[in-house]
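Report on the following structure.
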Ligand code: RP5
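In the UniProt record's numbering, the protein residues as written are 1 to 167.
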């Protein structure tokens, strides 16, 4: 677990250590908003048994949302979703060979009945996955709702305070 000593409410998982450069942005958002979370490498192809165990145990461990990032043949988010009722947010990692189009299509094209909430390729997707996870938890957590609203207000103010792109 990272960030805080509290039991993790969000699981940030990824198919490889090489995905961390992207997925760190999801963890950073959760950190900033004070959402207890854990970070794990769980590979659909290299550690399939660990994937099943992670998905099967997540509810019992108090995880409420899973953010899963993977690249290429990105089966991790979909397979996690197949094995848990928790909401799964998928982040397509930008692959070298196909720039993440492979990741995006692998994650987005789920069959009806097993949803994965698919985000944008790369950093934007990871940031937004963190924000979406926080927004879901904020539905039943007034303090977190305030933190999400404050984040949005800061973001708006930053844009308004810097209107001239040459400065
Ligand atoms: C996927 O294969 C991972 O999610 C990663 O994006 C990609 C490449 O993994 P490495 O070969 O860098 O470990 O499973």
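All C-beta atoms, glycine included, are put in the ideal place defined by N, C-alpha and C.
Residue i CB to nearest heavy atom of the ligand RP5 below 7 Å
{"i": "residue 102", "result": "no"}
{"i": "residue 120", "result": "no"}
{"i": "residue 93", "result": "yes"}
{"i": "residue 79", "result": "no"}
CA-to-CA distance, residue j to residue i, given in whole angstroms
{"i": "residue 124", "j": "residue 74", "result": "17 Å"}
{"i": "residue 54", "j": "residue 95", "result": "25 Å"}
{"i": "residue 159", "j": "residue 26", "result": "21 Å"}
{"i": "residue 130", "j": "residue 166", "result": "30 Å"}
{"i": "residue 9", "j": "residue 65", "result": "7 Å"}
{"i": "residue 19", "j": "residue 134", "result": "21 Å"}
{"i": "residue 108", "j": "residue 102", "result": "10 Å"}
{"i": "residue 81", "j": "residue 161", "result": "41 Å"}
Cβ-Cβ distance between residue i and residue j below 8 Å
{"i": "residue 70", "j": "residue 41", "result": "no"}
{"i": "residue 119", "j": "residue 33", "result": "no"}
{"i": "residue 112", "j": "residue 76", "result": "no"}
{"i": "residue 84", "j": "residue 116", "result": "no"}
For residue i, three-class secondary structure by DSSP
{"i": "residue 92", "result": "strand"}
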